[in-house]
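*Asks:*
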Amino acid sequence: MLQRRAWFGWAFVYVVVLLFFSTYRAMTLKPLITMYGTEKDCTLDMELAALGLGLLQDLVCPKYEQVAKSPGGENRETKLEEGAGGDTIGDVSVVEVGVKLQQKQVQSQACSALVAYAALNATLNELFVHALHVTSQGFVPLISDGTIASAKTYIHSATEEYTLFQDDALYRRTTGFRGNLAFDVNVADDSAPNVVVIVVESFRFHDSHYLVGNDDPSNLFKGSNITVTPNFDKWAKRGVAFSNMWSSWRTSRSVESLLFGQVPYDSVADSGMSGGKKHFQLDGLPQFFKGKGYESFFTTGCKTDYDDWDTFLPSHGFDTVWGRDEMKKLAESDLGITHDQWKGSEHRELYWGVHDDVSFQLLGDLMANKTKDQVDRVANGEPKQPLFLTHYTISSHVSYEERPTWYAEAEKPDFSALYDGVDNEVGIKNYLEMRYFSDMELGKFMDRMSDAGVLNDTIVVIVGDHGQAPEAGNYIPEARDISVTHVAGALVAEGRLGDAVGLKIGDATEQYDLLNTLADIVGVPDEGFLQDGVGRSLKRKVKFGERVVYSNNPSRKMAVIRGTERLRYDRCARPVLLHDARADHDMGTDLFPDLTPEEQANWITWRDNGRRLAAYYKKRWEKRCLLSAAC
Numbered sequence: 001m002l003q004r005r006a007w008f009g010w011a012f013v014y015v016v017v018l019l020f021f022s023t024y025r026a027m028t029l030k031p032l033i034t035m036y037g038t039e040k041d042c043t044l045d046m047e048l049a050a051l052g053l054g055l056l057q058d059l060v061c062p063k064y065e066q067v068a069k070s071p072g073g074e075n076r077e078t079k080l081e082e083g084a085g086g087d088t089i090g091d092v093s094v095v096e097v098g099v100k101l102q103q104k105q106v107q108s109q110a111c112s113a114l115v116a117y118a119a120l121n122a123t124l125n126e127l128f129v130h131a132l133h134v135t136s137q138g139f140v141p142l143i144s145d146g147t148i149a150s151a152k153t154y155i156h157s158a159t160e161e162y163t164l165f166q167d168d169a170l171y172r173r174t175t176g177f178r179g180n181l182a183f184d185v186n187v188a189d190d191s192a193p194n195v196v197v198i199v200v201e202s203f204r205f206h207d208s209h210y211l212v213g214n215d216d217p218s219n220l221f222k223g224s225n226i227t228v229t230p231n232f233d234k235w236a237k238r239g240v241a242f243s244n245m246w247s248s249w250r251t252s253r254s255v256e257s258l259l260f261g262q263v264p265y266d267s268v269a270d271s272g273m274s275g276g277k278k279h280f281q282l283d284g285l286p287q288f289f290k291g292k293g294y295e296s297f298f299t300t301g302c303k304t305d306y307d308d309w310d311t312f313l314p315s316h317g318f319d320t321v322w323g324r325d326e327m328k329k330l331a332e333s334d335l336g337i338t339h340d341q342w343k344g345s346e347h348r349e350l351y352w353g354v355h356d357d358v359s360f361q362l363l364g365d366l367m368a369n370k371t372k373d374q375v376d377r378v379a380n381g382e383p384k385q386p387l388f389l390t391h392y393t394i395s396s397h398v399s400y401e402e403r404p405t406w407y408a409e410a411e412k413p414d415f416s417a418l419y420d421g422v423d424n425e426v427g428i429k430n431y432l433e434m435r436y437f438s439d440m441e442l443g444k445f446m447d448r449m450s451d452a453g454v455l456n457d458t459i460v461v462i463v464g465d466h467g468q469a470p471e472a473g474n475y476i477p478e479a480r481d482i483s484v485t486h487v488a489g490a491l492v493a494e495g496r497l498g499d500a501v502g503l504k505i506g507d508a509t510e511q512y513d514l515l516n517t518l519a520d521i522v523g524v525p526d527e528g529f530l531q532d533g534v535g536r537s538l539k540r541k542v543k544f545g546e547r548v549v550y551s552n553n554p555s556r557k558m559a560v561i562r563g564t565e566r567l568r569y570d571r572c573a574r575p576v577l578l579h580d581a582r583a584d585h586d587m588g589t590d591l592f593p594d595l596t597p598e599e600q601a602n603w604i605t606w607r608d609n610g611r612r613l614a615a616y617y618k619k620r621w622e623k624r625c626l627l628s629a630a631c
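For the sequence shown, counting from 1, position 452 maps to 452 in UniProt numbering; every step adds exactly one.
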């Protein structure tokens, strides 16, 4: 009788606790869904599914003592040795404080592995990982097993000539490019130009009025004629602009796309660079240019111990890497900056590294010196040895408050039309001012290179590493999907573009297109080059909307873009959202329900292909078989 009463008491407490958690979860569910989605995701079936999953989580996460307590014979009890006594689990209180690890081990060994997971308060994902052998990312569709049926699904065969090493692997030898030209860059066979890729921190597409266009269909500039990036706009007009270029969020992930042509490693916490990957085999832009006799250089004002860049970059094709520490030494020796000015009242440094005014000055010195050395070598009958250089800026990194004192005190444009009366006014103002600062320093660098004649022998690519959304706050900027993944892009090749100057390409492009584009511009070696990317050469003309690109944010959603339309989805759930990214920046209208069944099926096919592709690269990174036919 006493045992039965004890069970009634335990059941009462347990039901009350479950009721409390379920009620609390129901009250907070809408804010939670909108944190990772939109209000349109707050459908009844989605909310019921979330509440059901939460209840299941609560049911499987009691202590083992609660799970194991069942009326019955002696075989249902496990004895714990506590001093001289032999108290059984049935005597242990429902609420325990400070349970010893040794006791946990004794309990777990007396039950199945699944009950042990519950005893240790494992999450629902961990329990099902053990029970159902699902992936560490949780539940994913069965199609996302890390394999693809055919590499040709992802390679633009209409413009790329290649030989696959295996039909279901992207590893291949690219031997050339074909097709009509969207633009041409005049490159002499006997005088290879320098190539500089400038990757600008947090540079979103809609800070450039030139890229957005005067019609501004999403009213991003609120009826004003402001541009936050006048220098980028100036140089984009003198080159080829990419107004529909996409990224996959976060800086390290941009390295995988820009330099190696890949859809980045699918993980919230890690990138393909994490851990340094010193003994991994990769082929991308650094290897391609080294194969053509280029010197490879990587520079940034940022500290390079971030995400193990200092190990990854020199291990994968870069002869020289300059980071924050190297920049500071050079600035002190060459620019007259004293040690106390970095963190003193002059604020020449921010948390992440040295400011862009310093790094662009040193980059300009480097380019001027390298160009002079090349001229001297050619004059002496020696090989020119052109330069391939990648530079990452840093000043416009969140939280946008750290700035050099001289700039803080300088007069700045009035951007109030873009933030007056909206949430997070101060954060938006800070962002716009630092975006303007970074653009100003970019402009000084480009003007200096032009005046010195360096640009006559240099192809420059300018692109955002990812976007940013101060309108959503500094902690969850991903809430404004398009702002953080739609980036600015332009190619400048002074004196080499002919009538292509001023061209603006509005079809969907991605950071991973850069590898094939630059290879097509400077020329493919006779023996071809190895790669496992999914980009296409933007130098070649294709029908608008013919080809899709993938833009993934592991901490939020995946996306496939075709023309200006963008389908948002995640790893496993059925709901999707289709919108016109140009005319409907903030995803106010879902176009998917109004499509014909055939059109819907096409988008679902592209979605499934995107899921497969993300899983393919993840598996290949984890198994170290990116450049292997079989894995």
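Every residue, glycine too, gets a C-beta built ideally from N, C-alpha and C.
Can at least three beta-carbon pairs, one atom from the stretch 295–304 and one from the stretch 388–397, be found at a separation below 8 Å?
*Replies:* Cβ pair count under 8 Å is three or more, so yes.
*Asks:* Check each candidate in Ser-150, Ser-395, Leu-503 and name the one with the smallest Cα separation from Leu-170.
*Replies:* Comparing Cα positions, the closest option is Ser-150.
*Asks:* Could you check whether Arg-253 and His-466 sit closer than 9 Å to each other, using their CB atoms as the reference points?
*Replies:* Closer than 9 Å, so yes.
*Asks:* Going residue by residue through the stretch 525–554, where are the continuous beta strand (DSSP E) segments of at least 3 residues, counting only ones entirely within it?
*Replies:* Taking only runs of at least 3 residues, the beta strand (DSSP E) segments lying wholly in the stretch 525–554 are 529–531, 548–550.
*Asks:* What ranges does the alpha helix (DSSP H) occupy inside the stretch 351–404, keeping only unbroken runs of at least 4 residues that lie completely in it?
*Replies:* With a minimum length of 4 residues, the continuous alpha helix (DSSP H) runs that stay inside the stretch 351–404 are 356–379.
*Asks:* Distance check for Gly-291 and Lys-237, CA to CA, integer angstroms please.
*Replies:* Their backbone Cα atoms lie some 32 Å apart in a straight line.
*Asks:* Go ahead and label Ser-247 buried or exposed: buried means 16 or more other beta carbons lie within 10 angstroms of its beta carbon, across all protein chains shown.
*Replies:* Ser-247 comes out buried.
*Asks:* Taking a contact to mean a Cβ-Cβ separation below 9 Å, would you say Ala-500 touches Asp-184 in this structure?
*Replies:* Yes, the pair counts as a contact, with Cβ atoms nearer than the cut-off.
*Asks:* Specify, as a first and last residue, the run of the beta strand (DSSP E) that Met-449 falls within.
*Replies:* Careful: Met-449 lies outside any beta strand (DSSP E), inside the alpha helix (DSSP H) at 425–451.
*Asks:* From Ser-144 to Asp-507, what distance separates their C-alpha atoms?
*Replies:* So the alpha carbons of these two residues sit roughly 28 Å apart.
*Asks:* Buried or exposed for Val-13, going by 16 or more other Cβ atoms inside 10 Å?
*Replies:* The residue is exposed, with fewer than 16 neighbouring Cβ atoms inside 10 Å.
*Asks:* Cutting at 6 Å between CB atoms, please list the residues of its own chain near Gly-353, excluding the five before and the five after it.
*Replies:* The answer, listed in chain order, is Gly-301, Cys-302, Lys-303, Arg-324, Ile-394.
*Asks:* Can you list, in chain order, the residues of its chain with a C-beta nearer than 7 Å to that of Leu-363? Leave out the 5 residues immediately preceding and following it.
*Replies:* Around Leu-363: Thr-299, His-391, Phe-445.
*Asks:* Where does the unbroken alpha helix (DSSP H) through Leu-285 begin, and where does it stop?
*Replies:* Where Leu-285 is concerned, the enclosing alpha helix (DSSP H) stretches over 285–291.
*Asks:* Assuming residue 635 is part of the beta strand (DSSP E), what are its boundary residues?
*Replies:* Shown here, the chain extends from 1 to 631; a query on residue 635 therefore has no answer.
*Asks:* The alpha helix (DSSP H) that contains Tyr-569, what's its start and end?
*Replies:* Premise fails: Tyr-569 lies in the beta strand (DSSP E), 565–569, not in any alpha helix (DSSP H).
*Asks:* Measure the CB-CB distance between Pro-264 and Ser-274 and report whether it falls below 9 Å.
*Replies:* No, these two residues do not count as a Cβ contact at 9 Å.
*Asks:* By alpha-carbon positions, which one of Thr-28, Gly-523, Asp-580, Lys-541 ends up nearest to Ser-191?
*Replies:* Residue Gly-523 is the option with its Cα nearest to Ser-191.
*Asks:* Rounding to the nearest angstrom, what Cα-Cα distance links Glu-332 and Pro-554 in this structure?
*Replies:* Near 40 Å, if we compare the C-alpha coordinates of Pro-554 and Glu-332.
*Asks:* Would you call the stretch 533–542 and the stretch 158–166 in contact, with 3 or more CB pairs under 8 Å?
*Replies:* Touching, yes, given that three or more Cβ pairs across the two stretches are closer than 8 Å.
*Asks:* Between which two residues does the beta strand (DSSP E) holding Ser-296 run?
*Replies:* Where Ser-296 is concerned, the enclosing beta strand (DSSP E) stretches over 295–300.
*Asks:* Could you check whether the stretch 227–246 touches the stretch 202–213, counting it as contact only if at least three pairs of C-beta atoms, one from each stretch, sit closer than 8 Å?
*Replies:* Because the criterion of three Cβ pairs below 8 Å is met, the stretch 227–246 and the stretch 202–213 touch.
*Asks:* Relative to the alpha-carbon of Thr-517, which residue among Ala-379, Phe-260, Gly-213 has its alpha-carbon at the smallest distance?
*Replies:* The shortest C-alpha separation from Thr-517 is found at Phe-260.
*Asks:* Could you check how far apart the C-beta atoms of Ser-202 and Gln-468 are, in whole angstroms? I think they sit under 8 Å.
*Replies:* Indeed, because the Cβ distance is near 4 Å, the residues count as touching under 8 Å.
*Asks:* With C-beta atoms as the reference, is Phe-21 less than 9 Å away from Gly-52?
*Replies:* Not in contact: Phe-21 and Gly-52 (Cβ atoms no closer than 9 Å).
*Asks:* Considering Glu-478, what are the terminal residues of the alpha helix (DSSP H) in which it resides?
*Replies:* From DSSP, Glu-478 is part of no alpha helix (DSSP H); its letter is neither H nor E.
*Asks:* Are there 16 or more other CB atoms within 10 angstroms of the CB of Phe-360, so buried, or fewer, so exposed?
*Replies:* When all chains shown are included, Phe-360 counts as buried.
*Asks:* Check whether chain D comes within 9 Å of His-279, counting only Cβ atoms and requiring the distance to be less than that.
*Replies:* Of the protein chains in the structure, only one exists, and it is not chain D.
*Asks:* Would you list the one or two residues that DSSP bridges to Ile-561?
*Replies:* Its beta-bridge partners are Val-549, Arg-566.
*Asks:* Could you tell me the boundaries of the alpha helix (DSSP H) in which Asp-584 lies?
*Replies:* Asp-584 -> no alpha helix (DSSP H), and no H or E assigned at all.
*Asks:* Is the beta carbon of Asn-194 sitting closer than 9 Å to the one on Thr-458?
*Replies:* Yes, these two residues count as a Cβ contact at 9 Å.
*Asks:* Go through its chain and collect everything with a Cβ distance to Lys-278's Cβ below 8 Å, but skip five positions before and after it.
*Replies:* Excluding sequence neighbours, Lys-278 sits near Thr-311, Phe-312, Ser-315.
*Asks:* Can you give the Cα-Cα distance for Gln-511 and Trp-249, rounded to whole angstroms?
*Replies:* Distance between the alpha carbons of Gln-511 and Trp-249 is about 11 Å.
*Asks:* Excluding the 5 residues flanking Thr-485 on each side, which residues of the same chain have their C-beta closer than 8 Å to its C-beta?
*Replies:* Counting only Cβ-Cβ distances below 8 Å, and skipping sequence neighbours, we find Trp-246, Ser-247, Ser-248, Trp-249, His-466, Gly-467, Ser-551, Asn-553, Ala-559.
*Asks:* DSSP three-state label for Glu-349, please.
*Replies:* In the structure shown, Glu-349 sits in a strand (DSSP, three-state: E or B).
*Asks:* Pick helix, strand or coil for Tyr-162, following the three-state DSSP scheme.
*Replies:* Note: Tyr-162 maps to strand in three-state DSSP.
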